[in-house]
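Okay, so here's the structure we're looking at.
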Amino acid sequence: MSKPAIPQGTRDFSPDVVRKRRYILDTLKGIFELYGFQPLETPAMENLTTLTGKYGEEGDRLIFKILNNGLHEIKKEEDKVKLSAEWDKVLSKSYSSPVVTERALRYDLTIPFARYVAMNQNDIAFPFRRYQMQPVWRADRPQKGRYREFWQCDADVVGSTSLINEAELLCIYSQAFTLLGLPVAIKINSRKLLQGLSEICGHPDKMMDITIAMDKLDKIGWSGVATELHNRGIDEAGTALLQKAIEITGTNDEKLAAYDTLMETSASGKAGVEEIRKSLEYYTSLWDGAGDTITANVDISLARGLNYYTGVIVEVICTHPDVKMGSIGGGGRYDDLTGLFGLKGLSGVGVSFGVDRIYDIMDELRLFPQQVSVSAKAIILNFGGENELYALDVLKLCRAAGVAAEIYPDAAKFDKQMKYANKRGVAYVLLPGDEERQTNSVSIKNFVTGEQKKMTIADAIDMLRG
RNA sequence: GAGGCUGUAGCUCAGUAGGUUAGAGCAUCAGAUUGUGGUUCUGAGGGUCGAGGGUUCGAAACCCUUCAGCCUCCCCA
17 MSKPAIPQGT
27 RDFSPDVVRK
37 RRYILDTLKG
47 IFELYGFQPL
57 ETPAMENLTT
67 LTGKYGEEGD
77 RLIFKILNNG
87 LHEIKKEEDK
97 VKLSAEWDKV
107 LSKSYSSPVV
117 TERALRYDLT
127 IPFARYVAMN
137 QNDIAFPFRR
147 YQMQPVWRAD
157 RPQKGRYREF
167 WQCDADVVGS
177 TSLINEAELL
187 CIYSQAFTLL
197 GLPVAIKINS
207 RKLLQGLSEI
217 CGHPDKMMDI
227 TIAMDKLDKI
237 GWSGVATELH
247 NRGIDEAGTA
257 LLQKAIEITG
267 TNDEKLAAYD
277 TLMETSASGK
287 AGVEEIRKSL
297 EYYTSLWDGA
307 GDTITANVDI
317 SLARGLNYYT
327 GVIVEVICTH
337 PDVKMGSIGG
347 GGRYDDLTGL
357 FGLKGLSGVG
367 VSFGVDRIYD
377 IMDELRLFPQ
387 QVSVSAKAII
397 LNFGGENELY
407 ALDVLKLCRA
417 AGVAAEIYPD
427 AAKFDKQMKY
437 ANKRGVAYVL
447 LPGDEERQTN
457 SVSIKNFVTG
467 EQKKMTIADA
477 IDMLRG
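Note that the numbering used here has the first sequence beginning at 17, numbered continuously upward.
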């Protein structure tokens, strides 16, 4: 008999954890709805062909593939031979064979959303604003803050190129993290600006290399980035230019002005600067954030991994000094996402919340409100015999009055029932025994103060509601 | 894909110059205490020491293999 266990990188969520996670999810849902976004849910699994090639080479390797079974019966002898031949290759992750696997677990929420939009384009009123909160799966190696099953909460708008959308999403981030009480910084950049950077330093084809290297600035410093750039084939003149760009400091406006000058010869770069400027302008108008702990900073070293972004990109990190955690949210604009599914010319922009990381941080910093953890308000003790039926009457009245209550189902020893109530952390214990039953009353004990009183059932229920 | 650390009771962990019957705390159950919880005291149950092989008179400990978990890099949320 093997020890009970769950798969690597997955977790059980105990009652208290579920309540806290729901607090985050409910907060986000409320904001999404407030901003006019509509809910969407898609299947846990997608056709493998829907997912492959959308997340880059690395991403493809991390897709959890589902074995063909249930629906398939291999009849032809030649297919059986092929199956065993393909098996090992499929396990290597970088190869797929429809004989072995045709479906896969959802890797993110954006691609399934794009697929949905392409499939339902005739019924959707554009611009379409949707939010989605569901688990996703990645065959990654788990480590701190990284799981193989985790939740994403996405909000996207498709069918509009207006930068007001970018600003709205920045507001959503600001409002969400203000409500949750997390101090964060939103980094904002543009793929066009990064493209411009690669152009002016003479390597227009190396945008990804430059971006990946620059993204490590926080971790390895400029000297590390310079080494990385050299290894990726960027010459010294180009590196010097990048250093100049990275060392630009000041307010967002000052930085953008400096970038604009720097991008004089790059139309793409100039367009990038302008879209960041405009997005921030809308954001400032829309977000009333006086005194909050949210900052939005232009950051030219921000990369974002997914290769479908084409415009503004954003990332959120927690700025609390005790928190060592990667990004807790990110997003950006993708000009032609649905084009991959045959619907051309539809631009989208979206953001994602990393709920699991947000949970980890909030738990560490004890940011969950106390009342999130409470369960049933009262436990009714069971004295057996006639008192048992009397207890059920009391229970019925509690619930009818909207008071969450439960009865101890067995007429166990008093001591045992009290200990159970204590462990459950209820606010009150009701004691309907002989004495109470005969006077049509109930004793109610406040489990925090220890104070106990006998009163009518109606009075007790009033106390529980107050 | 590369590297590091750790596997002993349900949980957290002690336990090496190899030596009778492998320990503690917490948790569980019972009792002190049959209508008063949190505190305390007493007692009980629970372990093929991750698995397989080797060295040895003797292995939880030393060696090899393997599996699992955690962490770092890569990449990402």
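Virtual Cβ for every residue (Gly too), placed ideally from N, Cα, C.
So within the region 98-173, which uninterrupted alpha helix (DSSP H) runs reach at least 4 residues, ignoring any that extend past its ends? You should have 126-135.
Leu258 to Ser368 span [Cα, whole Å]: By 1-based counting over the first sequence, the position of residue 258 is 242. By 1-based counting over the first sequence, the position of residue 368 is 352. Taking the straight line joining both Cα atoms gives about 29 Å.
Considering only residues of the same chain and omitting the five flanking positions on each side of Asp124, which have a CB-CB separation below 7 Å? Counting from 1 along the first sequence, the entry for residue 124 is found at position 108. Correct list, in chain order: Val152 and Gln168.
How about Ile344 and Ile374: do their beta carbons lie closer than 8 Å? Sequence index remark: in the first sequence, residue 344 carries index 328 (1-based). Sequence index remark: in the first sequence, residue 374 carries index 358 (1-based). In this structure, Ile374 lies closer than 8 Å to Ile344 by Cβ.
Output yes or no for whether 8 Å exceeds the beta carbon distance between Lys81 and Ser112. Indexing the first sequence from 1 puts residue 81 at position 65. Indexing the first sequence from 1 puts residue 112 at position 96. Contact: yes.
Exposed or buried, what is Leu83 when buried is set at 16 or more other beta-carbons lying within 10 Å of its beta-carbon? To locate residue 83, count along the first sequence from 1; it is residue 67. If you draw a 10 Å sphere on the C-beta of Leu83, you find fewer than 16 other C-beta atoms in it, and that means exposed.
Among Ala60, Met61, Thr68 and Leu44, which residue has its Cα nearest to the Cα of Gln54? Walking along the first sequence from the start, residue 54 turns up at place 38. Of the listed residues, the one whose Cα sits closest to Gln54 is Leu44.
For Ser214, I'd like the list of residues in its chain whose CB is within less than 7 Å of its CB, leaving aside the five on either flank, ordered along the chain. Counted from its first residue, the first sequence places residue 214 at position 198. Excluding residues within five positions, the ones whose Cβ falls inside 7 Å are Pro220, Lys222, Met223 and Ile226.
Starting from the C-beta of Phe144, find all residues in its chain whose C-beta is less than 6 Å away, skip the five residues before and the five after it, and write them out in chain order. For the purposes of this step, residue 144 is taken as residue 128 along the first sequence, with counting starting at 1. Correct list, in chain order: Val174 and Gly175.
In its own chain, which residues sit with a C-beta less than 8 Å from the C-beta of Phe384, not counting the 5 before and 5 after it? Residue mapping note: residue 384 aligns to position 368 of the first sequence, counting from 1. Cβ neighbours of Phe384 beyond the five flanking positions: Lys36, Tyr39 and Met378.
Would you call Pro23 buried or exposed, if buried means 16 or more other Cβ atoms sit within 10 Å of its Cβ? Mapped onto the first sequence, residue 23 falls at position 7. The residue in question, Pro23, is exposed, as its Cβ has fewer than 16 Cβ neighbours within 10 Å.
Name the residue from Val458, Ala443, Glu380 and Glu422 whose alpha carbon lies nearest to the alpha carbon of Leu198. Numbered from 1 along the first sequence, position 182 holds the residue referred to as residue 198. Check the Cα spacing between Leu198 and each of Val458, Ala443, Glu380 and Glu422: the tightest is with Glu380.
If distances are taken between C-alpha atoms only, which option among Arg248, Ser282 and Ala319 comes closest to Asp231? The residue labelled residue 231 in the question sits at position 215 within the first sequence. Check the Cα spacing between Asp231 and each of Arg248, Ser282 and Ala319: the tightest is with Ala319.
Assuming Gly355 and Glu331 are in contact, meaning their beta carbons sit under 8 Å apart, how far apart are those beta carbons, in whole angstroms? Position 339 of the first sequence, counting from 1, holds the residue named residue 355. Position 315 of the first sequence, counting from 1, holds the residue named residue 331. Wrong, their Cβ atoms sit about 25 Å apart, outside the cutoff.
The beta strand (DSSP E) spanning Glu73 covers which residue range? Taking the first sequence and counting its residues from 1, one reaches residue 73 at position 57. Element bounds for Glu73: not the beta strand (DSSP E) but the alpha helix (DSSP H), Gly72 to Arg77.
Same chain, Cβ closer than 7 Å to Ala312, five either side skipped, listed in chain order: If you number the first sequence from 1, residue 312 lands on position 296. Setting aside the 5 residues that flank it on each side, Ala312 is surrounded in the same chain by Leu186, Ile202, Ile204, Leu296 and Tyr299, each with a C-beta closer than 7 Å to its C-beta; the list follows chain order.
Under 8 Å, do Ala287 and Lys208 count as touching if we go by C-beta distance? Counted from its first residue, the first sequence places residue 287 at position 271. Counted from its first residue, the first sequence places residue 208 at position 192. The answer is yes: Cβ separation under 8 Å.
Quick check: what's the CA-CA separation for Arg481 versus Val410? If you number the first sequence from 1, residue 481 lands on position 465. If you number the first sequence from 1, residue 410 lands on position 394. Cα to Cα, the separation comes out at about 14 Å.
Distance check for Ala417 and Asp76, CA to CA, integer angstroms please. Taking the first residue of the first sequence as 1, we reach residue 76 at position 60. Taking the first residue of the first sequence as 1, we reach residue 417 at position 401. Approximately 54 Å, taken between the alpha carbons.
Let me know the secondary structure DSSP gives Val339 once reduced to three states. Taking the first residue of the first sequence as position 1, residue 339 is located at position 323. Here Val339 sits in coil by DSSP.
Smallest Cα separation from Thr177: which of Asn247, Ser206 and Tyr350? Against the first sequence, residue 177 aligns to sequence position 161. Of the listed residues, the one whose Cα sits closest to Thr177 is Tyr350.
Hey, how far is the Cα of Ser301 from the Cα of Lys360? Residue 301 sits at position 285 when you count from the first residue of the first sequence. Residue 360 sits at position 344 when you count from the first residue of the first sequence. Ser301 and Lys360: Cα-Cα distance of roughly 32 Å.
Cα-Cα separation, Glu452 to Gly441: Within the first sequence, residue 452 is the residue found at index 436, counting from 1. Within the first sequence, residue 441 is the residue found at index 425, counting from 1. Using only the alpha carbons, I get a separation of about 24 Å.
By how many angstroms is the C-alpha of Glu467 removed from the C-alpha of Pro128? Counting from one through the first sequence, the residue named residue 128 turns up at place 112. Counting from one through the first sequence, the residue named residue 467 turns up at place 451. Taking the Cα positions, Pro128 is about 56 Å away from Glu467.
Start-to-end residues for the alpha helix (DSSP H) that takes in Lys222: The residue given as residue 222 occupies position 206 in the first sequence. Here Lys222 belongs to no alpha helix (DSSP H), and DSSP marks it neither H nor E.
Sub-8 Å separation of Gly366 and Thr68 beta-carbons: In the first sequence, the residue the question calls residue 366 occupies position 350. In the first sequence, the residue the question calls residue 68 occupies position 52. No.
Can you tell which of Asp376, Ser389, Ala427 and Arg382 has its C-alpha closest to the C-alpha of Asn398? Your numbering for residue 398 matches position 382 in the first sequence. Looking at the Cα atoms, Ala427 is the closest of the given residues.
How big is the Cα-Cα spacing for Ile74 and Asn323? For this step, residue 74 is matched to residue 58 along the first sequence. For this step, residue 323 is matched to residue 307 along the first sequence. With the sequence shown as reference, residue 74 is identified as Glu, and Ile is not the correct amino acid for it. In a straight line, the C-alpha of Glu74 is about 11 Å away from that of Asn323.
For Glu94 and Thr66, what's the separation of their Cα atoms in angstroms? Locating residue 94 in the first sequence gives position 78, counting from the first residue. Locating residue 66 in the first sequence gives position 50, counting from the first residue. Roughly 27 Å separates the two Cα atoms.
In terms of residue numbering, what span does the beta strand (DSSP E) encompassing Ile396 cover? Taking the first residue of the first sequence as position 1, residue 396 is located at position 380. Start and end: Ala394 to Ile396.
If the criterion is Cβ atoms closer than 8 Å, does the pair Pro158 and Gly240 meet it? Numbered from its first residue, the first sequence carries residue 158 at position 142. Numbered from its first residue, the first sequence carries residue 240 at position 224. Between Pro158 and Gly240, the gap from beta carbon to beta carbon reaches 8 Å or more.
Same chain only: Cβ atoms within 8 Å of Asp376, ignoring 5 sequence neighbours per side: Counted from its first residue, the first sequence places residue 376 at position 360. In its chain, beyond the 5 residues on either side, Gly161 and Met341 have a beta carbon closer than 8 Å to the beta carbon of Asp376.
Compute the Euclidean distance between the alpha carbons of Tyr163 and Ile333, then round it to the nearest angstrom. Locating residue 163 in the first sequence gives position 147, counting from the first residue. Locating residue 333 in the first sequence gives position 317, counting from the first residue. So the two alpha carbons sit approximately 18 Å from each other.
So, Gly285 versus Gly358, is the Cβ gap smaller than 8 Å? Mapped onto the first sequence, residue 285 falls at position 269. Mapped onto the first sequence, residue 358 falls at position 342. Their beta carbons are not under 8 Å apart, which means Gly285 does not touch Gly358 by this criterion.
Nearest-angstrom Cα separation, counted from Gly305 out to Glu49: Indexing the first sequence from 1 puts residue 49 at position 33. Indexing the first sequence from 1 puts residue 305 at position 289. One alpha carbon belongs to Glu49, the other to Gly305, and they sit about 20 Å apart.
I think Arg122 touches Ala171, with their Cβ atoms under 8 Å apart; what is that distance to the nearest whole Å? Residue 122 sits at position 106 when you count from the first residue of the first sequence. Residue 171 sits at position 155 when you count from the first residue of the first sequence. In fact, because the Cβ distance is near 17 Å, the residues do not count as touching under 8 Å.
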